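Chains as they are written, first to last, in the working numbering: chain A, 1 to 372; chain B, 373 to 744.
There are 2 protein chains.
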Amino acid sequence: MKVVEIFTPRVEKLKNFLSKKELQNILILSDANIFYLTGFYGNKSGSLLLIMDDSWYLLVSLIYLEQAKKSVQIKNLNIICCKNDKFIKLTEILEDYKIRSIGIEGNNINFSDFCRLKKMLSGQGKRLIDCSGIVEKSRSVKDQSEISNIKNACKITDRVFKSIVRTGAAAVNKLSEAELSLKIEELLVKSKSEGKSFDTVVAYGKNSSMPHHFPQNIKSKDGIILMDFGCRYNNYCSDMTRTVFIGDRKKCNKFKKIYDIVLKAQIAAIENCREGITCSQLDGKARKFVDSKGFGDNFGHGLGHGVGLEVHEEPKINMESKTVLRQNMVITIEPGIYIEGFGGIRIEDMVIVGKNKCEVLYSSTKKFIVLD
Amino acid sequence: MKVVEIFTPRVEKLKNFLSKKELQNILILSDANIFYLTGFYGNKSGSLLLIMDDSWYLLVSLIYLEQAKKSVQIKNLNIICCKNDKFIKLTEILEDYKIRSIGIEGNNINFSDFCRLKKMLSGQGKRLIDCSGIVEKSRSVKDQSEISNIKNACKITDRVFKSIVRTGAAAVNKLSEAELSLKIEELLVKSKSEGKSFDTVVAYGKNSSMPHHFPQNIKSKDGIILMDFGCRYNNYCSDMTRTVFIGDRKKCNKFKKIYDIVLKAQIAAIENCREGITCSQLDGKARKFVDSKGFGDNFGHGLGHGVGLEVHEEPKINMESKTVLRQNMVITIEPGIYIEGFGGIRIEDMVIVGKNKCEVLYSSTKKFIVLD
């Protein structure tokens, strides 16, 4: 797929949406959305992309100018270098346009900044129209180039998990949570990814009951080793969780009952994941099973989330979301059971939604593993 | 310093500010601000802290409940577990209060969420008052416990830089940008920090002209090795940049002229850094020198920024900021010169602002180093 072919349908989709809202323009503020539309990823750069009917403007700080010039993939984009406040430059550009309304990503600008920009533009008789989530919605369905990048990120992640399992109990026993998380990140980089897609979670023993536990300098494992990690490949993310066990096999067996419930819940969701089902229905497939076993209150998060340029993106797979799954959405399926003072078990795969089923993107085993 | 003694003055300061605005309450949304006031750091947890005149409420998702219960350091805080939308629970709590105005951190909520909450509360006849930046301003002046944590983070950072220099040219030559950045992060963790405070920048050769370059799988160094990194210690950050050189000593000497300009500019700023000077004046001390040597256009960012619970926080040290430096502010001083196709050089220290001078928190050399 050529570069231009990637961007053309994205831009068309955006323009269609805007025309439905009777808008000819929009201000994009999210770094990931700017990348999706232009090829420039200025992580936390505060860049602005102003899309007008006839011309596009990318406003960047001087320190991102070289990167922007090298990475922008679309023609006729005006790259504007801003020494100071980008809103001032934006207002100057807009002065030449006789328009009354400008779309804006209200979900990607804080309230104080919104008020400041609104005031600056009111002098020109222009008002801002909240168009939250348009590009995010478009990003939720992946094209072939995106799927290819995500598959590569998942392959690397798979390989790293397998390598950790092969490392064996003796070597893992020597590592603290923080050291094992570092080991994982080292393997991700050495496998030619661009590094981790989020802060690696490694939780030993009872710490695993906290789903977002931050790895500590402790080595005592008490059975459970929960690992939640992922990498980036051409800016696209992977996300995987596996829970394995270490130590005396008989003692580890006390975790098997919970493990099997989580695994069956996960498989139930995977088997029902296809185009047409709503996110809340899919969440329900796993949740009802966990509930039926008496652990409903211990499954304290949604079933999953979309993954792409961001590790958490649309759609959210939870009890409330009425979003309907569509072909080529890429999501995680990750039920978990967390018991304070006992530990937590989570199993997470990434899948591509298909017409009649889904494709699981990992080949790593989900069997109950006690490290040898 | 006891735990209670840490939090009491922070809360007093906040209450004083609110009373000036004739408010008795405020909604805090930033994770760092919630930690500063309670001891709970739910990174990207979407937690809410509602501070009312008579009682405090911390609203967290189920998956952060255990962590919140374990880490909250102040008495009489009601920890509320939210299974679903936290704004619904917040609205229910506020229903019992006969108040008309609620302060809110407008800089820490996006415009769409603000509108949604505003609508929910308008039914109770309550309105939101933007109180952006109060806690951030309070955080900009550090207390003794914060300074102690920051100093520890800086000590670890110092040690890691020295260790990289000791590693020597032969070993560094074998590492790609991505591998050297990983090596730095490994040393940070092994030195008992909580890991990096931001994504490590390692830029070789011409790549260094992009101040936010993302480390690649390339090994060719062409003289320059720019390293910008830091760690966390008890949640407090460090941030350091050093530019060193590798390869033929004669070839490296072509960078010495630029290096000396950056270093002299940095020292000029350090010598003028004290309570009472404005941020723009301090920025000017370095910028005027760089300008006088003809490289003003190549110094494309502010002189520095505050560092604490976040690696970039108040105050911003740039050409526009009228903020006056105060004793016990902790800031970076980091001029740089970036030349496309040639490379970039930046030297960054962290300092504590004092009454009559500042204390530099690193002991790592700033001499022109060619790795042996």
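For each residue, glycine too, the CB sits at the ideal point set by N, CA and C.
Quick caveat, the model's predicted, so the values are computed rather than measured.
Of all C-beta pairs linking the segment 226–241 of chain A to the segment 299–315 of chain A, three or more are shorter than 8 Å, placing the two stretches in contact.
Looking from the CA of Asn235/A, the closest CA among Ser19/A, Lys126/A and Asn43/A belongs to Asn43/A. Using a Cβ-Cβ cut-off of 8 Å, Asn456/B is close to Met319 and Glu320 of chain A, given in chain order.
Under a 10 Å Cβ-count criterion, Pro381/B is classified as exposed, with fewer than 16 other Cβ atoms of the shown protein chains found around its own Cβ.
Rounded to whole angstroms, the gap between the alpha carbons of His585/B and Val574/B is 7 Å. Contact residues of the segment 575–597 of chain B toward chain A are Ser581, Met582, Pro583, His584, His585, Phe586, Pro587, Gln588 and Asn589 (C-beta to C-beta distance below 9 Å). Taking a 10 Å sphere around the C-beta of Arg472/B, we find fewer than 16 other C-beta atoms and assign the residue as exposed.
Ile63/A belongs to the set of residues whose beta carbon lies under 8 Å from a beta carbon in chain B. For Cys131/A against Lys21/A, the beta-carbon gap comes to about 7 Å, under 8 Å, which counts as contact. A straight-line Cα-Cα distance of about 32 Å links Ser220/A and Lys534/B.
Phe617/B: member of the beta strand (DSSP E) spanning Met612 to Phe617, first to last residue. For a cut-off of 8 Å, the C-beta gap from Ala641/B to Ile705/B is around 5 Å, short enough to register as a contact. Within the segment 109–142 of chain A, Ile109, Asn110, Phe111, Ser112, Phe114, Asp130 and Ser132 place their CB atoms closer than 7 Å to a CB of chain B, listed in sequence order.
Taking a C-beta distance under 8 Å as the contact criterion, Ser427/B and Asn448/B qualify as a contact pair. At a cut-off of 8 Å between beta carbons, Gln67/A contacts chain B. In summary, the residues of the segment 707–719 of chain B whose CB is separated from some CB of chain A by less than 8 Å are Tyr710 and Glu712, in the order they occur in the chain. When DSSP states are grouped into helix, strand and coil, Val72/A belongs to the coil group. Counting along the chain, the unbroken alpha helix (DSSP H) around Ile156/A starts and ends at Gln144 to Thr167. The beta carbons of Ser563/B and Arg531/B sit closer together than 8 Å.
By the neighbour-count criterion, in which a residue is buried when 16 or more other Cβ atoms sit within 10 angstroms of its Cβ, Met691/B is exposed.
Residue state for Gly304/A is assigned as strand, using DSSP reduced to three classes. Check the Cα spacing between Val353/A and each of Cys273/A, Thr323/A and Ser148/A: the tightest is with Cys273/A.
Look at the segment 262–324 of chain A and you find these whole runs of alpha helix (DSSP H), each 4 residues long or longer: 279–292. With respect to chain A, the C-beta atom of Gly475/B has no partner C-beta closer than 8 Å. Here Leu386/B is near Val507/B, since their CB atoms are less than 8 Å apart. Under the Cβ distance rule, Leu282/A does not count among the residues neighbouring chain B, no pair being separated by less than 8 Å. Using a Cβ-Cβ cut-off of 8 Å, Asn234/A does not count as an interface residue toward chain B, since no Cβ of chain B sits closer than that to its own. Annotated three-state conformation of Asn482/B is strand, per DSSP. For secondary structure counted as the alpha helix (DSSP H) over 4 or more consecutive residues, the segment 186–262 of chain A holds these complete runs in sequence order: 249–252. For Tyr36/A, the enclosing alpha helix (DSSP H) begins and ends at Asp31 to Thr38. When C-alpha distances from Ser19/A are compared across Gly103/A, Gln67/A and Ile88/A, the shortest belongs to Gly103/A.
Proximity to Asp297/A across Cys453/B, Leu409/B, Cys624/B and Lys626/B peaks at Cys453/B, based on C-alpha coordinates. Nearest to His677/B by alpha-carbon distance, out of Val696/B, Ser565/B and Asn521/B, is Val696/B. For the pair Lys527/B and Phe379/B, the Cα-to-Cα distance works out to about 26 Å.
The residues Asp530, Phe533, Lys534 and Arg614, in chain order, have a CB closer than 7 Å to that of Ser736/B in the same chain once the five nearest residues on each side in sequence are set aside.
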